[in-house]
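Protein sequences, first through last, are from chains A and B.
Quick note on the working numbering: the first sequence kicks off at 1 and runs consecutively.
Quick note on the working numbering: the second sequence kicks off at 248 and runs consecutively.
Ideal Cβ placement from N, Cα and C applies to all residues, glycine included.
Contents: one structure, followed by commentary.
2 protein chains.
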Amino acid sequence: MRIHTDLTPTGPYHGVVVLIDTLRSCTVAPLLFERGLSELALTPSLRSARAAADEGWLLLGERQGVPPEGFNYGNSPAELAGLDLTGRRAVMVSENAPRYLERVEGADRVLLGSLYNAGAVARTVAATADADPDAQVTLVCSGFEGEPDLDDTLTAGVLAAALTELRRSRPSGATRFALSLLRAFPDPLEALWQSVAGHYLRRLELERDLAFCAQVSASQVVPQLVERMPGAGSAPLYRFEALGAPT
Amino acid sequence: MRIHTDLTPTGPYHGVVVLIDTLRSCTVAPLLFERGLSELALTPSLRSARAAADEGWLLLGERQGVPPEGFNYGNSPAELAGLDLTGRRAVMVSENAPRYLERVEGADRVLLGSLYNAGAVARTVAATADADPDAQVTLVCSGFEGEPDLDDTLTAGVLAAALTELRRSRPSGATRFALSLLRAFPDPLEALWQSVAGHYLRRLELERDLAFCAQVSASQVVPQLVERMPGAGSAPLYRFEALGAPT
Numbered sequence: 001m002r003i004h005t006d007l008t009p010t011g012p013y014h015g016v017v018v019l020i021d022t023l024r025s026c027t028v029a030p031l032l033f034e035r036g037l038s039e040l041a042l043t044p045s046l047r048s049a050r051a052a053a054d055e056g057w058l059l060l061g062e063r064q065g066v067p068p069e070g071f072n073y074g075n076s077p078a079e080l081a082g083l084d085l086t087g088r089r090a091v092m093v094s095e096n097a098p099r100y101l102e103r104v105e106g107a108d109r110v111l112l113g114s115l116y117n118a119g120a121v122a123r124t125v126a127a128t129a130d131a132d133p134d135a136q137v138t139l140v141c142s143g144f145e146g147e148p149d150l151d152d153t154l155t156a157g158v159l160a161a162a163l164t165e166l167r168r169s170r171p172s173g174a175t176r177f178a179l180s181l182l183r184a185f186p187d188p189l190e191a192l193w194q195s196v197a198g199h200y201l202r203r204l205e206l207e208r209d210l211a212f213c214a215q216v217s218a219s220q221v222v223p224q225l226v227e228r229m230p231g232a233g234s235a236p237l238y239r240f241e242a243l244g245a246p247t
Numbered sequence: 248m249r250i251h252t253d254l255t256p257t258g259p260y261h262g263v264v265v266l267i268d269t270l271r272s273c274t275v276a277p278l279l280f281e282r283g284l285s286e287l288a289l290t291p292s293l294r295s296a297r298a299a300a301d302e303g304w305l306l307l308g309e310r311q312g313v314p315p316e317g318f319n320y321g322n323s324p325a326e327l328a329g330l331d332l333t334g335r336r337a338v339m340v341s342e343n344a345p346r347y348l349e350r351v352e353g354a355d356r357v358l359l360g361s362l363y364n365a366g367a368v369a370r371t372v373a374a375t376a377d378a379d380p381d382a383q384v385t386l387v388c389s390g391f392e393g394e395p396d397l398d399d400t401l402t403a404g405v406l407a408a409a410l411t412e413l414r415r416s417r418p419s420g421a422t423r424f425a426l427s428l429l430r431a432f433p434d435p436l437e438a439l440w441q442s443v444a445g446h447y448l449r450r451l452e453l454e455r456d457l458a459f460c461a462q463v464s465a466s467q468v469v470p471q472l473v474e475r476m477p478g479a480g481s482a483p484l485y486r487f488e489a490l491g492a493p494t
């Protein structure tokens, strides 16, 4: 299996794509399914999210650290971890990973990855490689405001290491760069703390979220893109379902 | 001063640009001037280099670790450090940094930077900022075969830290990412050793070059682009002269 890594999204992408946004949307996504959610839609558009609310979807999201008017919850995993969402559907608005979903529309398979579900994502990707020995996976880091960031690069390293342990792999140069950070940051929380996204959350006094997002492979849930749904105006909603990861 | 960093070259660039290729061309460049060289031309083209040899330029360069036919020397700083090049001119061929010089042609000022001359480059850039408080510097990492690599990213961090110490600075996201590696790699040799470029040189048994290139601020020479000269065919030669850095 060939493992590519992009420290910021380029695309368009093909093959298997893991979209990484460690702080915080790709940590929140598996968490919501653990709390009982049946369907999750991601969008960068407040307007598309509000339109979905009329059809009974819960709204999650923040602008500058605060849920916008009419939203049920923010994006804080530490806060969301206590909810019972059994059977509910939710739309999550975030300015990071959802902005890049357009670029992965052409991929065969799109998974959401973070430290939180790293092991489960790696097992899911490895199972793909069994069906296709020439399989190619691209680890797409969301970064922060268009620039590479330490949190997602470290997560790409953790995912690449887990994949390499499971299957014979050929890591690209950027993947090897990400792998080289693992020994330098033995405590993932330190990397999240030092990252630009981490500084942003610390200014909002959301240190608890850093601790939550630093948990490695605590979740067995792998959110997978199943459908692009029309949203309000030009911004679509991307609907995800939870895969149970192969054991 | 605003400090941007590109982990691989994009461009075209404006303002002040520091082109970074730690392993090895931007370490070799200041070293050659220290050994007495009067002029240095960089090119990615063997043909352009050979044409210059007819006019008395020395030829330096390697393909797969070996000097091509008719070349005087390779690209190994450990080997070149013993030469007396007083008053000579040399053309250096390398597949890394010289490939990207076309993209920095529009910049006000182009310097070559590495760990080896980091302090001198930082002082030179800081002096620019005194004349223009809105100055913008871009640290352009060559990377390895089009992908980001640890050696140049760490060097960007070292340069950004030195600049930030000298002048009030606003580092971009990617610059902060590079800065975050400094504490994780307190020994720069470890970062060069782990880098993809470092692995390549280790396979060629050039570990001595890694040790040479890991010296921080050992040189006071800052190579600055002064002229684009026509080369053979379509590949130009980029001529550099040595600046003495401000003290």
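List, in order along the chain, the chain A residues whose C-beta lies closer than 7 Å to that of residue i?
i                      : result
residue 450 of chain B : Ordered by position in chain A, no residue passes the 7 Å Cβ test against residue 450 of chain B, which lies about 14 Å from the chain.
residue 421 of chain B : 147, 148
Assuming residue i and residue j make a contact with CB atoms under 8 Å, what is their CB distance in whole Å?
i                      : j                      : result
residue 296 of chain B : residue 306 of chain B : 5 Å
residue 214 of chain A : residue 115 of chain A : 6 Å
residue 283 of chain B : residue 333 of chain B : 3 Å
residue 322 of chain B : residue 302 of chain B : Not quite, the Cβ-Cβ distance comes to about 21 Å (not below 8 Å), so this is no contact.
residue 443 of chain B : residue 109 of chain A : About 28 Å separates the two Cβ atoms, so there is no contact after all.
residue 499 of chain B : residue 278 of chain B : Past the boundaries of the shown model lies residue 499 of chain B; chain B is included only from 248 to 494, so the question cannot be answered.
residue 185 of chain A : residue 325 of chain B : Wrong, their Cβ atoms sit about 31 Å apart, outside the cutoff.
residue 217 of chain A : residue 118 of chain A : 5 Å
residue 106 of chain A : residue 223 of chain A : That belief does not hold up - the Cβ atoms of residue 106 of chain A and residue 223 of chain A are roughly 19 Å apart, past 8 Å.
residue 413 of chain B : residue 458 of chain B : Residue 413 of chain B to residue 458 of chain B, Cβ: 28 Å. No contact.
residue 97 of chain A  : residue 209 of chain A : No, residue 97 of chain A and residue 209 of chain A are not in contact; Cβ-Cβ is about 15 Å, not under 8 Å.
residue 407 of chain B : residue 425 of chain B : 6 Å
What's the C-alpha gap between residue i and residue j?
i                      : j                      : result
residue 320 of chain B : residue 314 of chain B : 6 Å
residue 64 of chain A  : residue 94 of chain A  : 10 Å
residue 468 of chain B : residue 24 of chain A  : 45 Å
residue 182 of chain A : residue 7 of chain A   : 15 Å
residue 227 of chain A : residue 238 of chain A : 6 Å
residue 113 of chain A : residue 18 of chain A  : 6 Å
residue 204 of chain A : residue 9 of chain A   : 26 Å
residue 150 of chain A : residue 298 of chain B : 45 Å
residue 246 of chain A : residue 1 of chain A   : 18 Å
residue 236 of chain A : residue 168 of chain A : 37 Å
residue 358 of chain B : residue 436 of chain B : 23 Å
residue 281 of chain B : residue 290 of chain B : 20 Å
residue 145 of chain A : residue 421 of chain B : 10 Å
residue 262 of chain B : residue 46 of chain A  : 38 Å
residue 318 of chain B : residue 172 of chain A : 32 Å
residue 162 of chain A : residue 101 of chain A : 24 Å
residue 164 of chain A : residue 375 of chain B : 47 Å
residue 337 of chain B : residue 402 of chain B : 25 Å
residue 274 of chain B : residue 304 of chain B : 20 Å
residue 367 of chain B : residue 285 of chain B : 19 Å
residue 249 of chain A : residue 377 of chain B : Only positions 1 to 247 of chain A appear in the structure, and residue 249 of chain A is not among them; the question remains open.
residue 476 of chain B : residue 491 of chain B : 23 Å
residue 139 of chain A : residue 300 of chain B : 46 Å
residue 454 of chain B : residue 441 of chain B : 12 Å
residue 187 of chain A : residue 158 of chain A : 12 Å
Using DSSP bridges, identify the partner residues of residue i.
i                      : result
residue 199 of chain A : For residue 199 of chain A, which the question treats as bridged, DSSP gives no partner whatsoever.
residue 491 of chain B : B/468
residue 252 of chain B : B/386
residue 463 of chain B : DSSP, once it has assigned bridges, lists no residue as partnering residue 463 of chain B.
residue 394 of chain B : B/391
residue 474 of chain B : B/486
residue 336 of chain B : B/286
residue 263 of chain B : B/356, B/384
residue 319 of chain A : Here chain A covers residues 1 to 247 and nothing more, so residue 319 of chain A does not appear.
Name the chain A residues whose beta carbon is nearer than 8 Å to that of residue i?
i                      : result
residue 443 of chain B : 173, 176, 177
residue 254 of chain B : 7, 148
Using beta carbons (cut-off 8 Å, strictly below), is residue i in contact with chain A?
i                      : result
residue 427 of chain B : yes
residue 461 of chain B : no
Any Cβ of chain B within less than 8 Å of the Cβ of residue i?
i                      : result
residue 156 of chain A : no
residue 184 of chain A : yes
Determine the chain B residues that contact residue i at a beta-carbon separation under 9 Å, and present them in chain order.
i                     : result
residue 97 of chain A : Within chain B, no residue comes near residue 97 of chain A; the closest Cβ sits about 16 Å away, beyond 9 Å.
Given that residue i touches chain A, what residues does it touch there, using C-beta distances under 9 Å?
i                      : result
residue 407 of chain B : Those within 9 Å of residue 407 of chain B in chain A number zero; the least Cβ separation is about 13 Å.
Cβ closer than 7 Å: which chain B residues qualify as neighbours of residue i?
i                      : result
residue 144 of chain A : 420
Would residue i count as contacting chain C if we go by Cβ distances under 8 Å?
i                      : result
residue 110 of chain A : In the structure shown, chain C cannot be found, because the protein chains are A and B.
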